[in-house]
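S.K.: Please read through the structure below; I'll follow up with questions.
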Amino acid sequence: TLPEILRNMTKNEFLQAIRSTCVYKDNCEPEYQYWYPLTDIKENIPAVAYNLDAIYSSGNIEQIEKALAECSIHNVISVQNQDHKAEHEKIDLLFRLYESDGDGYNFPWYVENYYYDETKEWLIYVSHEGTITFAGEQITQAAKKFIDNKYKVGESQ
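Here our numbering is used: the first residue of the sequence shown is 31, the next is one more, and so on.
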């Protein structure tokens, strides 16, 4: 499970707790540091990241859908790091996965976004660098089972 600290938090407390589980890349200038969610993950949280842009551009969205279905993930809480809302947003993740407009699919553009449910057994993070990271035992195993390894960009040890 994800750390107990993540339960019953406000949005700002949640974002601070997530940031505290990781560190910035060492090779970045301080003003350009990028929070990379697979660097020095604490508390042995299993995590795996994939190239989200490549998954979408090659038409393999169903691989993500199958991983979500394996874990019965559908309705989730969404926290967007860069909006200024104080409240968490509840959404249908499967709808968002396939939501599109005239420019294509929208999901890869919901960046710096975290998804989880009330159990807080897992976490999904979509970055502005075109990656999707899954954290938690069951969701990482499902992701590895259904998402082609050629899309994998990193994994916690």
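C-beta: ideal position from N, C-alpha, C; glycine also.
What separation, rounded to the nearest whole angstrom, lies between the Cα atoms of Leu98 and Ile75?
M.R.: On the sequence shown, residue 98 is found 68 positions in, with the first residue counted as 1. On the sequence shown, residue 75 is found 45 positions in, with the first residue counted as 1. Between Leu98 and Ile75, the C-alpha separation is close to 18 Å.
S.K.: What residues in its chain sit with their C-beta under 7 Å from that of Ala84, if we drop five residues either side in the sequence?
M.R.: Stepping through the sequence shown from its first residue, residue 84 is reached at position 54. So the qualifying residues of the chain are Tyr181.
S.K.: For Glu100 and Tyr155, what's the separation of their Cα atoms in angstroms?
M.R.: As a working mapping, residue 100 is identified with position 70 in the sequence shown. As a working mapping, residue 155 is identified with position 125 in the sequence shown. Cα to Cα, the separation comes out at about 18 Å.
S.K.: Using the C-alpha atoms, what's the distance from Ser108 back to Asn143?
M.R.: The residue given as residue 143 occupies position 113 in the sequence shown. The residue given as residue 108 occupies position 78 in the sequence shown. Asn143 and Ser108 have their C-alpha atoms spaced approximately 7 Å apart.
S.K.: Alpha carbon to alpha carbon, how far is Ser102 from Asn136? Give it in angstroms, no decimals.
M.R.: Residue 136 sits at position 106 when you count from the first residue of the sequence shown. Residue 102 sits at position 72 when you count from the first residue of the sequence shown. One alpha carbon belongs to Asn136, the other to Ser102, and they sit about 22 Å apart.
S.K.: If we call anything under 8 Å between Cβ atoms a contact, is Thr81 one with Thr170?
M.R.: Within the sequence shown, the letter at position 51 stands for residue 81. Within the sequence shown, the letter at position 140 stands for residue 170. The sequence as given places Asn at residue 81; Thr does not occur at that position. 8 Å or more divides the Cβ of Asn81 from the Cβ of Thr170.
S.K.: Distance, Cα to Cα, Ser88 vs Asp178?
M.R.: Counting from 1 along the sequence shown, the entry for residue 88 is found at position 58. Counting from 1 along the sequence shown, the entry for residue 178 is found at position 148. Taking the straight line from one Cα to the other gives about 11 Å.
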